[in-house]
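Participant: There's a structure below that I have some questions on.
Protein chains: 2
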Amino acid sequence: MNHDSSLVNRLTARLIAGELRPGGRLSETSLAKEFDVSRNTLREAFRVLGEQGLVTHIPHRGVSVASPSTADVVDIYRVRHHVECSVLEHAPRNHPNAAQMEAAVEVAEKSAAEENWLEVGTANMAFHNAVVSLSDSRRLMRSFSNVLAELRLAFLKVEVLDFLHAPFIERNREVLEVYRTESPAAAAAKLGTYLGDSERQVLGAYARAGQD
Amino acid sequence: MNHDSSLVNRLTARLIAGELRPGGRLSETSLAKEFDVSRNTLREAFRVLGEQGLVTHIPHRGVSVASPSTADVVDIYRVRHHVECSVLEHAPRNHPNAAQMEAAVEVAEKSAAEENWLEVGTANMAFHNAVVSLSDSRRLMRSFSNVLAELRLAFLKVEVLDFLHAPFIERNREVLEVYRTESPAAAAAKLGTYLGDSERQVLGAYARAGQD
DNA sequence: TAGCACCTATTGTTCAACAAACATAGACGC
DNA sequence: GCGTCTATGTTTGTTGAACAATAGGTGCTA
Numbered sequence: 001m002n003h004d005s006s007l008v009n010r011l012t013a014r015l016i017a018g019e020l021r022p023g024g025r026l027s028e029t030s031l032a033k034e035f036d037v038s039r040n041t042l043r044e045a046f047r048v049l050g051e052q053g054l055v056t057h058i059p060h061r062g063v064s065v066a067s068p069s070t071a072d073v074v075d076i077y078r079v080r081h082h083v084e085c086s087v088l089e090h091a092p093r094n095h096p097n098a099a100q101m102e103a104a105v106e107v108a109e110k111s112a113a114e115e116n117w118l119e120v121g122t123a124n125m126a127f128h129n130a131v132v133s134l135s136d137s138r139r140l141m142r143s144f145s146n147v148l149a150e151l152r153l154a155f156l157k158v159e160v161l162d163f164l165h166a167p168f169i170e171r172n173r174e175v176l177e178v179y180r181t182e183s184p185a186a187a188a189a190k191l192g193t194y195l196g197d198s199e200r201q202v203l204g205a206y207a208r209a210g211q212d
Numbered sequence: 213m214n215h216d217s218s219l220v221n222r223l224t225a226r227l228i229a230g231e232l233r234p235g236g237r238l239s240e241t242s243l244a245k246e247f248d249v250s251r252n253t254l255r256e257a258f259r260v261l262g263e264q265g266l267v268t269h270i271p272h273r274g275v276s277v278a279s280p281s282t283a284d285v286v287d288i289y290r291v292r293h294h295v296e297c298s299v300l301e302h303a304p305r306n307h308p309n310a311a312q313m314e315a316a317v318e319v320a321e322k323s324a325a326e327e328n329w330l331e332v333g334t335a336n337m338a339f340h341n342a343v344v345s346l347s348d349s350r351r352l353m354r355s356f357s358n359v360l361a362e363l364r365l366a367f368l369k370v371e372v373l374d375f376l377h378a379p380f381i382e383r384n385r386e387v388l389e390v391y392r393t394e395s396p397a398a399a400a401a402k403l404g405t406y407l408g409d410s411e412r413q414v415l416g417a418y419a420r421a422g423q424d
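Protein sequence lines correspond, in order, to chains A and B.
In terms of our numbering, the first sequence opens at residue 1 and continues consecutively.
In terms of our numbering, the second sequence opens at residue 213 and continues consecutively.
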């Protein structure tokens with residue numbers, strides 16, 4: 001929020017890039033030095049990130065990268081179900097932003113071919129953000145993309161980006177096709193089961209990793 | 213976020229109480245003096261409130277109370293439609309939090325009898341927060357209550373708290389009864405038309421007040 | 001009236017300092 | 001050995017002062 005909030009952007013970039021591990025503490029003095037800002041400015045950015053859920057703040061114990069628990073994952077998927085499905089179900093049939101969904105699917109497919117799984121994850125996020133953008137609601141978009149960013153931290157936590165994302169690329173395309181050729185309602189239904197499966201996958205990975 | 217974030221709470225209280233008018237500027241030095249905190253800590257609180265949408269921050273121009281435009285109102289009601297209706301539709305039949313909905317309706321009825329319209333507005337917020345709480349999702353609750361707080365600023369902006377809220381008290385009760393005795397889906401449908409009517413009322417008030 | 005330089009108030013940001021809470025390690029008693 | 005207490009060092013919470021940078025207003029000039 002300082003200047004043009006580029007500090008928040010820089011921090012966010014590092015967080016979703018996985019350079020700072022979930023649960024890792026973010027020391028004020030060292031990060032301030034690293035980003036060449038004052039401690040006070042950094043703290044302002046921390047408040048923003050905390051409100052977005054990317055960072056956890058415990059009084060007198062500092063800030064650490066959010067480390068979603070299984071309960072958090074369940075909660076996040078609840079949000080996804082309600083928001084994504086509702087938006088898709090009530091979306092107009094030929095919303096222009098379907099092009100963004102299309103683009104995201106293509107990027108995901110290309111990145112998967114190159115086995116760049118981090119990029120696949122980013123493209124996946126872009127796809128689902130595009131779905132929510134069909135609502136034409138800034139606020140829904142903002143809240144939702146925060147939640148998705150948090151979910152990415154969950155993926156980073158269990159470190160299995162590859163096979164978690166791979167099977168879902170084509171399902172993204174399926175949802176898109178059904179939305180285009182059949183109906184938004186049918187696409188929403190498909191997306192619903194999709195999300196259920198995805199959630200199960202993530203929770204399974206959590207269980208295997210022995211995470212709470 | 214400082215100490216136990218009571219500063220944010222104090223500021224929020226004043227905002228939703230209408231003591232600071234929508235669009236009104238929040239001077240750092242004067243507010244810092246008023247709340248007896250330093251300018252830096254106040255700025256941290258501002259970042260939180262800005263992220264919650266209660267406050268608008270323009271670089272080098274400072275912070276002002278959010279003053280929702282008609283476009284914002286439309287956006288807010290989009291969120292309400294998607295979130296409230298979806299949650300209610302998929303809520304289990306006898307969710308314990310229905311008691312909170314009941315309680316909110318009763319407070320609203322009592323406050324309406326006393327013509328305490330600000331309290332009616334608060335109870336109305338509590339009712340709809342209770343609806344969303346049926347999702348059992350912390351994140352959905354948090355995001356949604358932020359949006360509702362923003363909507364309250366919209367009400368404050370056009371200064372017609374009374375007749376805007378009054379007709380909707382009994383409709384809250386109707387939704388609750390349908391949810392209990394019929395089905396969540398039927399209640400969701402009723403809530404949908406409810407929200408449409410409510411939105412039209414607010415936009416009408418905006419038009420009459422000549423607000424953008 | 002339009003354009004321009006100047007001035008002023010406010011924000012953006014930094015720094016240094018201190019109080020308060022926490023974490024660690026060692027001393028102590030059992 | 002084990003837990004508890006205390007001393008110490010570290011980190012956060014918060015402050016006040018300072019200065020740079022910007023927006024907005026003022027008055028001048030043409």
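Note that CB positions come from ideal geometry on N, CA and C, so glycine has one too.
Computed from a prediction, not measured in an experiment: that's the story for all the values here.
1) Hey, how far is the Cα of B/Arg237 from the Cα of B/Asp284?
2) A/Ser137 by DSSP, collapsed to three states: which one?
3) Answer with buried or exposed for A/His60, where buried requires no fewer than 16 other C-beta atoms within 10 angstroms of its C-beta.
4) Return the first residue and the last residue of the beta strand (DSSP E) that A/Gly196 is part of.
5) With burial defined as no fewer than 16 other Cβ atoms inside 10 Å of the residue's Cβ, what is the status of B/Glu301: buried or exposed?
6) Only counting runs of 3 or more residues, tell me where the beta strand (DSSP E) segments fall wholly within the segment 44-85 of chain A, in order along the chain.
7) Determine the direct distance from the alpha carbon of A/Val178 to that of B/Asn358, and round the result to whole angstroms.
8) Can you name the residues of chain B whose CB is closer than 7 angstroms to the CB of A/Asp75?
9) In whole angstroms, give me the CA-to-CA distance for A/Leu11 and B/Asn252.
10) Are there 16 or more other CB atoms within 10 angstroms of the CB of B/Asp287, so buried, or fewer, so exposed?
11) Can you tell which of A/Glu44, A/Glu182, A/Leu134 and A/Asn124 has the C-alpha that lies nearest to the C-alpha of A/Cys85?
12) Does B/Gly422 have its Cβ less than 9 angstroms from a Cβ in chain A?
13) At the 9 angstroms Cβ level, is A/Val175 part of the contact set with chain B, yes or no?
14) Which one of B/Glu386, B/Ala303, B/Glu318 and B/Arg290 has the shortest CA to CA distance from B/Ala397?
15) What does DSSP give as the partner residues of A/Arg25 in its beta bridges?
16) Quick check on the DSSP output: the alpha helix (DSSP H) that includes A/Thr12 runs from which residue to which?
17) Could you pull the start and end residues of the alpha helix (DSSP H) that A/Ser111 belongs to?
18) Is the CB of B/Met213 under 9 angstroms away from at least one CB in chain A?
19) Can you list the residues of chain A that B/Val267 reaches, using a CB-CB cut of under 7 angstroms?
20) For B/Ala366 versus B/Pro234, is the C-beta distance shorter than 9 angstroms?
Facilitator: Taking the definition as stated:
1) 19 angstroms
2) coil
3) exposed
4) Where A/Gly196 is concerned, there is no enclosing beta strand (DSSP E), although the alpha helix (DSSP H) it sits in stretches over Pro184 to Ala209.
5) buried
6) 55-58 and 62-65
7) 34 angstroms
8) Ser349, Arg350 and Arg351
9) 20 angstroms
10) buried
11) A/Leu134
12) no
13) no
14) B/Ala303
15) A/Ser64
16) Ser6 to Ile16
17) Ala98 to Ala113
18) Note on B/Met213: pLDDT 47, under 50, position unreliable in the model; no value is reported.
19) What B/Val267 touches in chain A: nothing, since even the nearest Cβ is about 11 angstroms away.
20) yes
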